[in-house]
Every structure is written in structure tokens, then in C-alpha cells.
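Every number in this note's numbering is 45 more than the matching position in the sequence shown, counting from 1. We put the beta carbon where it would ideally sit given N, CA and C, even for glycine.
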Amino acid sequence: MTRTQRATINPDPSRAVAASVPQTELRRKQLGIRALALFVALAAAGIVAATASGQAAKYDVLDVEPLIDDNLATVQREARTYATSRDLSGFSQNKLAVVQRYFQQYVPAKITQPDATHQINDVMGHVRAVMDSAVRSQTPGAGNVMRWLYGGLKPVAMGNYQPAARINAIQFIARLARPPAQRGGVPRPYSFVLTDLKTIYDDANNPDGVRAAALQGIERYVRYSPSNDPTLVGVKDQLTQSMTQLLESDPPTGRDELAHAFLQRYAVSILTQMSTDASLGKQFVSISTNEDKPNLIALHSAAAIARLPGKMPEGDVETQEVLKQWSKRVLAAYQAELARLAKLDKTTTTQGVRQPAAPESFLKETKDPNEKVPAVPGMRGESMMEMDDMYGMEMEMDMDMDMGMGEMEGMDEMMGMSMMGMGMRPLAAKPQPAEIVASRKKLNHVLQQVLLGVTGQGKVVEDVESIQATGGLMASAPADALAATKQWLTSLFEVTGQLNDSTLDTRKKYVTALQEQVATLEALAEGKSVSKRASTNAPVFRFGNPLDPAADAEAPAGSEPPADAEPAPAAPPAATVPADMDALLN
Numbered sequence: 046m047t048r049t050q051r052a053t054i055n056p057d058p059s060r061a062v063a064a065s066v067p068q069t070e071l072r073r074k075q076l077g078i079r080a081l082a083l084f085v086a087l088a089a090a091g092i093v094a095a096t097a098s099g100q101a102a103k104y105d106v107l108d109v110e111p112l113i114d115d116n117l118a119t120v121q122r123e124a125r126t127y128a129t130s131r132d133l134s135g136f137s138q139n140k141l142a143v144v145q146r147y148f149q150q151y152v153p154a155k156i157t158q159p160d161a162t163h164q165i166n167d168v169m170g171h172v173r174a175v176m177d178s179a180v181r182s183q184t185p186g187a188g189n190v191m192r193w194l195y196g197g198l199k200p201v202a203m204g205n206y207q208p209a210a211r212i213n214a215i216q217f218i219a220r221l222a223r224p225p226a227q228r229g230g231v232p233r234p235y236s237f238v239l240t241d242l243k244t245i246y247d248d249a250n251n252p253d254g255v256r257a258a259a260l261q262g263i264e265r266y267v268r269y270s271p272s273n274d275p276t277l278v279g280v281k282d283q284l285t286q287s288m289t290q291l292l293e294s295d296p297p298t299g300r301d302e303l304a305h306a307f308l309q310r311y312a313v314s315i316l317t318q319m320s321t322d323a324s325l326g327k328q329f330v331s332i333s334t335n336e337d338k339p340n341l342i343a344l345h346s347a348a349a350i351a352r353l354p355g356k357m358p359e360g361d362v363e364t365q366e367v368l369k370q371w372s373k374r375v376l377a378a379y380q381a382e383l384a385r386l387a388k389l390d391k392t393t394t395t396q397g398v399r400q401p402a403a404p405e406s407f408l409k410e411t412k413d414p415n416e417k418v419p420a421v422p423g424m425r426g427e428s429m430m431e432m433d434d435m436y437g438m439e440m441e442m443d444m445d446m447d448m449g450m451g452e453m454e455g456m457d458e459m460m461g462m463s464m465m466g467m468g469m470r471p472l473a474a475k476p477q478p479a480e481i482v483a484s485r486k487k488l489n490h491v492l493q494q495v496l497l498g499v500t501g502q503g504k505v506v507e508d509v510e511s512i513q514a515t516g517g518l519m520a521s522a523p524a525d526a527l528a529a530t531k532q533w534l535t536s537l538f539e540v541t542g543q544l545n546d547s548t549l550d551t552r553k554k555y556v557t558a559l560q561e562q563v564a565t566l567e568a569l570a571e572g573k574s575v576s577k578r579a580s581t582n583a584p585v586f587r588f589g590n591p592l593d594p595a596a597d598a599e600a601p602a603g604s605e606p607p608a609d610a611e612p613a614p615a616a617p618p619a620a621t622v623p624a625d626m627d628a629l630l631n
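Here it is, written out as C-alpha cells:
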């Protein structure tokens, strides 16, 4: 029996058990990678594979109009004027024709040029900004701009063009939506967006990066559309089947394991938002406890349990075994951070070795009589803090290397008494260095996903008994496992509070604190109780939404999309609008 097969359910029909304790492979890349970069990387991998197999990739290229290319700045200025102006009475027919060709022909053609890939971001960034501004303001030209861009970019998204161009076109189409009826409302995507993107994703001949971009757009459509959306209802069964297939699949040849896990996150989100069946939770638990799955998909699956439409059936999983396995995942993340920080310490030590003075420093120099002598700190109003800014980092590094922790603490006490004797208040905790903030962000993200999976809410509370879990593992825990679950939560809250201690303002203090937390996590991973209880003044996590793989703004829970916006005014007579784009205004 393989490890994957063991991570299913217990043969005992009365209680399903989510599998053996996982030994997760630590993440080799940062989770904050931008989706576009990953999509391009996936596409590039496909190109390399095709080239290696003797199948050189050949892509179509559209012709760029030289007149617009040579006068691009002027044309872009006129395009913005047309899109954002309230009064178009002074806009000539010639200008209108050029603006239409810019949006509908030049932009799609430019991004297909093999020698202009470095310009794609600038070209697409300009048209996105112009269109967004026009749609938000509902200017007279907004509808035409949207039609022209969609009409030009859809063939690129669907056709045989370089992946970078297709990915940008797909991402543009994915964001086509009616503006919210009120400020802060939810945009409602146009129905043809799902039809276009599903066609692209379903075509297995498309490069990985292109399909990934389409999948991201599908997830966004499902998130922002009501459950009774006719287009979504019509493809729900097909979409459920394809997402389940992706979620249960292994990485195909040539696809990195983490890239595959990143795509599976979209499948989890899509299934969670479309489903009305809470039994999905058992599948998510199985994924999160499967030792073959990386944290990228395992922890996302654990957190997704909080978003299920209802709680899992009581006793559906072995609660204590799941908690042990999730503890091991958190432990692995801490150990990875300690290893990474240890490497930084070695680098800092090597760089901190003093080098011999340069030979020319021993030569006498002629002193410039006009050179100003720096003032001694304390004179002319200069403070000792200014000297600290200059030398503080070097002094701190030298002391950390030369003194033990006990000596440093003793020195801190002495400094505190000296300041009080001088009538001064002890200094507040210094701002934490960027490396500590980044490390806390990474570990908080892991902790938040686990807490979401257990309690249905990603926050720390002082009184565990006050938690009213309506979702997550805790909501379906049998009565005989509830007390142990609360004790486990108390320990994890303690770990979270220690991690977010603002006084950990040096790497040495921070590493020492992590090592203490590791001891607690090791006990939890072995199923042991931890009686120590510290104050949990840690705030609600504020490092992003772990349930959103696209890192987009989250739609308010339970909100209904606004009614369709009023159609934009018809295009001026000179602007020919393709008939098949009329749906853009409906």
C-alpha cells in the first residue's frame, strides 16, 4: 500500500480516520510568487520540453501598424482622453478611428511580437488603467473601449500566439465585469468570461501557463458570481468533475510539484465555493494529512474546511490524529525558518570579519582647509541617538558575537537601572528588522491556515471555552475529543502569542523564541499535552487571506452581487463595433 493510499479513511465504518503522520517536504519557493510569473514559468517549461523533444514552438504574429508605433505617446494620450472624457463633441472622426485601431488592433498585435515581450507589461498596464478608469466613471466612451479591447484580445487568448501574450490577454478577459452598483460593492463578471476561459482550460493542448491563467480567471468568476448564475449552473457538473480530477491528480511530466500544488489550490477554492456538500471536508482533511502533499496545497486544504457550507458530520475524521499531523506541518515550517536564519547568521559572521586596512590608508593626505570637522555628538544639539544610527547595527552585531545571552540580559538590566537613576524611562521595544517581520509573516500564515481548519476562524482568543465553532474540525469533533482539542488550541495560541511578541527585536532574541516554540510543537506533534499557558495578546492575523489563491480582494460573505449596470451609450457613428461584442453592454 502506498503512502497516498494510506491517507484515506479507516477501514472501521463507524469512524473515518485521516491517515498517517505526514513528513512534508519543506517549501522550496516563497508563497508570495505572483501568479503571472508562475504562469509564464509554466509556459516556458512547456516550451523547453517541446524544444527538447524536437518540436520547435512556432507562434503566429500579428502586424503592428507603423504609424501608431512611431507616434505611440501621442496616440496613447488621445486614447486616454477619449476613454475618460465626459464630453466627446470635439473629438474628430480621424482621431476616433486612430483610437479604435489602437485599442482593437495595435495592442493585441504588439504583445504578439517576439522581440517586444519586455514591453508587454507597459502596453497592457496602460490599457488596463485607461479602461478601469473609464468603466468606474461610466464615461461615454467606456463601452467602446471595453468592446474594442475584448474584440482584439480574445483571438490572442484563443489563438496560436506566444504564451506571454496569451496569458496577458486571458488575465484581461478574466477581469471584465460590470462595475459595482455602490462603492465597496462586488463586481459581477460577464457571463461570456466563464465560457471563454473554460474553453481555454479544457483544451489539454494549451501550454500549462495558459491553462493556469484561465484557471485563475475561472476561480475569480465563481467567487464573484451568485450560486444561481445561469452560466455557472449550466457548467457546474463539468466544472466539478474537472476540478476534482485536478485535485486528485499527480504532477504531469515536466511540471514542478509546487507548481502543480499551486494549481490545485484553485481547484480547492472552486469546489468549496460551488459545493453544497460538507462531506468535501473529509477529502480536504485527507489531502492535508497526506505526507506526499507539500504545505502549499495541504495547508490550503485545511483552511478551506472553514468555508464549507456546513460542518462535517460528527466523527467523520479522527480529530486527535489530524491535530498531531497538522502540528507536524507547523513544526516543519518552524524548523525550516530556523535553518534559514542559521544560514543568515553564517553569512553575517563571514561578512563581519574585519579586513586589513588598504595600503593607501597609511599614506599622508593633504588636509583640505575648507573641510568641515564633524561635530561631537552632544554639541550643537546633536543627540547620542544620531551616533546610534551610525554605529548601532555594527555594535549590536559585535556584542551578539562576543557575549552570551546571559551577559546581554545582564547588560540590559544595568542599562535600565542607569536610565532610571538618571530620571529616564527605559526604551520601548525597537522596531523589528525586516527579516524578522518577513519570517513572522510566513509562520503566521501557516498558523492561520491551521487555526482556520480547526476553529473556522483565523484568530487567537483569550478564552478557549468561549469559542463557538460553527465550522472546521472542532465543530465536528466528538464530545470525547472536544476537551483535548481545546487543550491543543490553548497551546497553539500560546505559540502564536510568543511568535508575535514585539520585544523580539533582534535576530538572536527571535531565534531563541522560535527554539522555545519548537519544543511546544514537538510535544503537540507527538500527541502530548502542554500545560504551560502564557498570555495570548497576539492580534488577529493581518497578513492576507490564506483562502484566496489569487490574492484578490475577498468578496464580502453572504453578499449578493449588485444588479447589472446601465449600458454605456452607443458608439459614435464612425466607430464600427463588432456585433458579437454586444453582450458587453447587456
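> Among the residues of its own chain, which have a CB less than 7 Å from the CB of T184, if the five just before and after it don't count?
Replying inline: Indexing the sequence shown from 1 puts residue 184 at position 139. The answer, listed in chain order, is A128, T129, S130 and R131.
>> Closest to I113 by C-alpha separation, out of A124, V106 and Y104, would be which residue?
In response: Along the sequence shown, one-based indexing puts residue 113 at 68. Measuring from the Cα of I113, the nearest candidate turns out to be A124.
> Can at least three beta-carbon pairs, one atom from the stretch 268-281 and one from the stretch 299-313, be found at a separation below 8 Å?
Replying inline: These segments do not touch.
> For R211, which three-state DSSP category applies?
Replying inline: As a working note, residue 211 is residue 166 in the sequence shown. In this structure, R211 counts as helix in the three-state DSSP scheme.
> Run through DSSP, which three-state label would R192 get?
Replying inline: As a first step, residue 192 must be located in the sequence shown, where it is residue number 147. If DSSP states are grouped into helix, strand and coil, R192 belongs with the helices.
> Leaving out five residues before and five after T515 in sequence, what residues of the same chain have Cβ atoms less than 8 Å from its Cβ?
Replying inline: What you label residue 515 is simply residue 470 of the sequence shown in a count that begins at 1. Cβ within range, chain order: K356 and G501.
>> Among E561, P478, N335 and I245, whose alpha-carbon lies nearest the alpha-carbon of N205?
In response: Within the sequence shown, numbered from 1, the residue matching residue 205 stands at position 160. Minimum Cα distance to N205 is reached at I245.
>> Which same chain residues end up closer than 7 Å to Q150 when comparing Cβ atoms and leaving out the 5 residues on each side of it in sequence?
In response: Residue 150 sits at position 105 when you count from the first residue of the sequence shown. Taken in chain order, the residues that qualify are E110 and G197.
> Hey, K369 and G572 are a contact pair by Cβ (cut 8 Å); roughly how many whole angstroms apart?
Replying inline: Along the sequence shown, one-based indexing puts residue 369 at 324. Along the sequence shown, one-based indexing puts residue 572 at 527. Contact holds; Cβ gap of about 5 Å.
> So S314 is in the alpha helix (DSSP H); what residue range does that whole segment cover?
Replying inline: In the sequence shown, counting from the first residue as 1, residue 314 sits at position 269. Where S314 is concerned, the enclosing alpha helix (DSSP H) stretches over E302 to M319.
> T639: buried (16+ other C-beta within 10 angstroms of its C-beta) or exposed?
Replying inline: The requested residue 639 does not occur in the structure, where the chain is confined to residues 46 to 631.
>> Please report the distance separating the alpha-carbon of A306 from that of P339.
In response: Numbered from 1 along the sequence shown, position 261 holds the residue referred to as residue 306. Numbered from 1 along the sequence shown, position 294 holds the residue referred to as residue 339. Rounded to whole angstroms, A306 to P339 spans 7 Å at the Cα level.
> Grouping DSSP H, G and I as helix and E and B as strand, with all else coil, what is A514?
Replying inline: For the purposes of this step, residue 514 is taken as residue 469 along the sequence shown, with counting starting at 1. Looking at A514 - three-state DSSP - the assignment turns out to be coil, as it is neither helix nor strand.
>> Let's test the definition: count the other Cβ atoms within 10 Å of the Cβ of G503 and tell me whether it reaches 16, buried, or not, exposed.
In response: In the sequence shown, residue 503 corresponds to position 458, counting from 1. Around the C-beta of G503, 16 or more other C-beta atoms lie within 10 Å, and the residue is accordingly described as buried.
>> With the cut-off set at 7 Å, would you say V106 and T157 are in Cβ contact?
In response: Residue mapping note: residue 106 aligns to position 61 of the sequence shown, counting from 1. Residue mapping note: residue 157 aligns to position 112 of the sequence shown, counting from 1. Closer than 7 Å, so yes.
>> Suppose you measure from the CA of W371 to the CA of I332; what does that come to, to the nearest Å?
In response: Locating residue 371 in the sequence shown gives position 326, counting from the first residue. Locating residue 332 in the sequence shown gives position 287, counting from the first residue. In a straight line, the C-alpha of W371 is about 11 Å away from that of I332.
>> I'd like to know if the stretch 318-335 and the stretch 522-534 are in contact, where contact means that at least 3 CB-CB pairs between them fall below 8 Å.
In response: no
> Can P153 and V201 be called in contact, C-beta distance under 7 Å?
Replying inline: Reading the sequence shown from its first residue, position 108 is the one you call residue 153. Reading the sequence shown from its first residue, position 156 is the one you call residue 201. Against a cut-off of 7 Å, the Cβ pair of V201 and P153 comes out as a contact.
>> Between L549 and I481, how many whole angstroms is the CB-CB distance? I'm expecting something under 8 Å.
In response: Walking along the sequence shown from the start, residue 549 turns up at place 504. Walking along the sequence shown from the start, residue 481 turns up at place 436. That belief holds up - the Cβ atoms of L549 and I481 are roughly 7 Å apart, short of 8 Å.
> Counting Cβ pairs, one atom from each stretch, are 3 or more of them under 8 Å apart for the stretch 248-265 and the stretch 209-225?
Replying inline: Using a Cβ-Cβ distance cut-off of 8 Å, the stretch 248-265 and the stretch 209-225 are in contact, since at least three pairs of beta carbons, one from each stretch, lie closer than that value.
>> Tell me which residues share the same chain as Y147 and place their Cβ nearer than 7 Å to its Cβ, disregarding the 5 neighbours each side in the sequence.
In response: Here residue 147 is taken as the residue at index 102 of the sequence shown, counted from 1. Cβ neighbours of Y147 beyond the five flanking positions: I113, V120 and A124.
> Under a three-way DSSP split, which group does A249 fall into?
Replying inline: Reading the sequence shown from its first residue, position 204 is the one you call residue 249. Correct three-state label for A249: coil.
>> Taking the alpha carbon of V238 as the reference point, which residue from E264, P225 and I165 has its own alpha carbon closest?
In response: Start at 1 with the first residue of the sequence shown, and residue 238 comes out as number 193. Closest option to V238, Cα to Cα, is E264.
>> Quick check: the Cα distance between S137 and A349, rounded to an integer number of angstroms?
In response: Position 92 of the sequence shown holds residue 137. Position 304 of the sequence shown holds residue 349. Roughly 54 Å between the two C-alpha positions.
>> Looking at the secondary structure, which residues open and close the alpha helix (DSSP H) in which H345 lies?
In response: Numbered from its first residue, the sequence shown carries residue 345 at position 300. Here the alpha helix (DSSP H) through H345 covers N340 to A349.
> By how many angstroms is the C-alpha of P252 removed from the C-alpha of A209?
Replying inline: As a working mapping, residue 209 is identified with position 164 in the sequence shown. As a working mapping, residue 252 is identified with position 207 in the sequence shown. The alpha-carbon atoms of A209 and P252 are separated by roughly 11 Å.
> Rounded to a whole number of angstroms, what is the C-alpha to C-alpha distance between K388 and M519?
Replying inline: Numbered from its first residue, the sequence shown carries residue 388 at position 343. Numbered from its first residue, the sequence shown carries residue 519 at position 474. Roughly 38 Å separates the two Cα atoms.
> Could you give the distance in angstroms between the alpha-carbon of A529 and the alpha-carbon of A568?
Replying inline: Position 484 of the sequence shown, counted from the first residue, corresponds to residue 529. Position 523 of the sequence shown, counted from the first residue, corresponds to residue 568. Distance between the alpha carbons of A529 and A568: 14 Å.
> Under 7 Å between the Cβ atoms of P354 and T321?
Replying inline: On the sequence shown, residue 354 is found 309 positions in, with the first residue counted as 1. On the sequence shown, residue 321 is found 276 positions in, with the first residue counted as 1. At the C-beta level, P354 and T321 come within 7 Å of one another.
> Taking all protein chains shown into account, do 16 or more other C-beta atoms lie within 10 angstroms of the C-beta of N489, making it buried, or fewer, making it exposed?
Replying inline: Reading the sequence shown from its first residue, position 444 is the one you call residue 489. N489 comes out buried.
> With 16 as the cutoff for other CB atoms within 10 Å, does H163 come out buried or exposed?
Replying inline: Residue mapping note: residue 163 aligns to position 118 of the sequence shown, counting from 1. Its Cβ having fewer than 16 others within 10 Å, H163 is exposed.
>> Closest to D248 by C-alpha separation, out of D525, S182 and M203, would be which residue?
In response: Start at 1 with the first residue of the sequence shown, and residue 248 comes out as number 203. With distances taken between Cα atoms, D248 lies closest to M203.
>> Taking the alpha-carbon of A312 as reference, which of S294, S324, K327 and K155 has the nearest alpha-carbon?
In response: What you label residue 312 is simply residue 267 of the sequence shown in a count that begins at 1. Measuring from the Cα of A312, the nearest candidate turns out to be S294.
>> Run through the DSSP bridge pairs and tell me what P111 is partnered with.
In response: Counting from 1 along the sequence shown, the entry for residue 111 is found at position 66. Paired residue(s): none; P111 is not in a bridge.
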